[in-house]
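Counted the way mature numbering (1 follows the signal peptide of the UniProt record, and there is no 0) counts, the sequence shown spans residues -22 to -1, 1 to 302.
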Amino acid sequence: MKLLKTLGLASAFALAALSAQAQTNLKLAHAAPDTDLQQTLSVFFKEQVEARTNGSVTVTIFPQGQLGNDAAMIDGARSGIIDIAMSGLNNFSGLVPAAGAFELPFIFPTREVAYTVLDGEVGQGIAGEFTQHGLKVLGFPENGYRNMSNNRGPIKVPGDLAGLNMRVNNSKALNDMFAALGANPLQLPVAELYTALETGVVDAQDHPIGIVVSFKFNEVQKYLSLTQHAYSALALVMNDAKFNSLTADEQKVIVEVAAEAIAMQRKAVQEKEAGMIEELKAAGMEVNDDVDAAAFQASVKPVWDGFIAANGDAVVNAIMAAQQ
């Protein structure tokens, strides 16, 4: 009888432990619309995590800035109010200034180089610096190559930017680049950009093709120039304490699924980009790719010099070495 009672108590404790496990719900937030590939990544992540943990970890997705803008989401992930956040890597450079090297114009000549650097020793070294700010980097999804759109005319040479009121994100490198090219950079959250373009607060903006489509900027922009002046990565981060609170098996699933989700999303961005450009053309945008890349690269050299002066050349040199 005593043995049965002991076994009964053990079973009760085991069931209680399983019940506690089943209550682990992760809030995942991003700022893109639910039509964007960031949402596709999020859904894949949710489904695979839940399946592979047999439901001990569930994921609730909050797209389109439902839990705040990028700064609020990052603060939320650091404090634990949000468990996982996906945001442009530029939004983390205030915490980890060295990450700004990845935002330098023309530093990644191809996507393959960007992946090699971000997934390799250089990127993982930068990722390690996030831990001191309460964040674990799960990987670097793709935002894509940034291109310029405006309502004045095609952009082919650096002089075509002179006098344009250009919306920029909070990347110092991009702010410095547009200033060097004669534009008037104005920082605005992406959630406010459509209205700012519609009302003429700004004349122009730069984003990867997928963002132009998902935010419908073609409705308020006439010209799209395929400048591909900067590769833009996202960062998928998790509250470090929350990650460490999971079991070893659950942590393994989170890491593995994140890597698979990022690989899937990167592939989808590449596969869909040409079709998106055709979609924008069909919707009335005038698209040009006759851009003098060499002239732009020469014009933005001071941006690299400024970054190196402020942060040293170690990361830039490591990125260049990884391309050899």
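Heads up, the beta-carbon is just placed ideally off N, CA and C, and yes, glycines get one too.
Item: Same chain, Cβ closer than 8 Å to Asn289, neighbours up to 5 away in sequence not counted; Value: Pro75, Ala76, Gly78 and Ala79
Item: N- and C-terminal bounds of the alpha helix (DSSP H) containing Asn222; Value: Asp218 to Ser223
Item: Three-way DSSP call (helix, strand, coil) for Gln(-2) in this model; Value: Residue placement at Gln(-2) cannot be trusted, given a pLDDT of 47 that sits under 50; what the coordinates show is reported in the next sentence. Helix, per DSSP.
Item: Residue of Met155, Val231 and Gly137 minimising C-alpha distance to Ser279; Value: It should be pointed out that residue 279 corresponds to Lys in this sequence rather than to Ser. Nearest C-alpha to Lys279: Met155.
Item: Burial state of Lys194 (16 or more Cβ within 10 Å); Value: exposed
Item: Unbroken alpha helix (DSSP H) run spanning Ile60, endpoints; Value: Segment: none, Ile60 is in no alpha helix (DSSP H) and carries neither H nor E.
Item: Classification of Asp218 by the beta-carbon crowding that lies within 10 angstroms, buried from 16 upward; Value: buried
Item: Tyr201 vs Asn128 beta-carbon contact at 9 Å; Value: yes
Item: Nearest-angstrom beta carbon gap, Met126 and Asp184 [assumed within contact, 8 Å]; Value: 5 Å
Item: Bridge-paired residues (DSSP) for Tyr209; Value: Tyr123
Item: C-alpha distance - Phe86 paired with Trp282, whole-angstrom precision; Value: 13 Å
Item: Length of the line joining the Cα atoms of Ala276 and Asn147; Value: 22 Å
Item: Cα-Cα separation, Glu256 to Ser65; Value: 27 Å
Item: Buried or exposed by the 16-neighbour rule on C-beta atoms within 10 Å, applied to Glu81; Value: buried
Item: Every unbroken alpha helix (DSSP H) inside the segment 27 to 62 [4 residues or more]; Value: 48 to 57
Item: Cβ pair count under 8 Å reaching 3, the segment 240 to 248 against the segment 16 to 23; Value: yes
Item: Residue of Glu170, Met216, Thr205 and Gln102 minimising C-alpha distance to Glu135; Value: With the sequence shown as reference, residue 135 is identified as Val, and Glu is not the correct amino acid for it. Selected option, being the one with the closest Cα: Thr205.
Item: Nearest-angstrom beta carbon gap, Asn143 and Ala182 [assumed within contact, 8 Å]; Value: 7 Å
Item: Length of the line joining the Cα atoms of Gln26 and Glu170; Value: 33 Å
Item: Under 9 Å between C-beta atoms of Pro41 and Asp61; Value: no
Item: Distance between Asp97 and Thr173 (C-alpha atoms, nearest Å); Value: 36 Å
Item: Under 9 Å between C-beta atoms of Gly160 and Gly178; Value: no
Item: Nearest residue (CA-CA) to Ala158, options Met298, Ser192 and Pro83; Value: Pro83
Item: Test item: CB-CB of Val235 and Ala63 under 9 Å; Value: no
Item: Contact under 9 Å by Cβ, Asn68 with Ser210; Value: yes
Item: Closest residue to Arg145 among Glu176, Leu116, Pro132 and Pro119 (Cα-Cα distance); Value: Glu176
Item: Asn222 versus Asn266 - alpha carbon distance; Value: 48 Å
Item: Sub-9 Å separation of Ile104 and Val233 beta-carbons; Value: no
Item: Unbroken stretches of the beta strand (DSSP E), 3 residues or longer, contained in the segment 69 to 157; Value: 113 to 117, 120 to 128 and 143 to 146
Item: Ser57 vs Glu228 beta-carbon contact at 9 Å; Value: no
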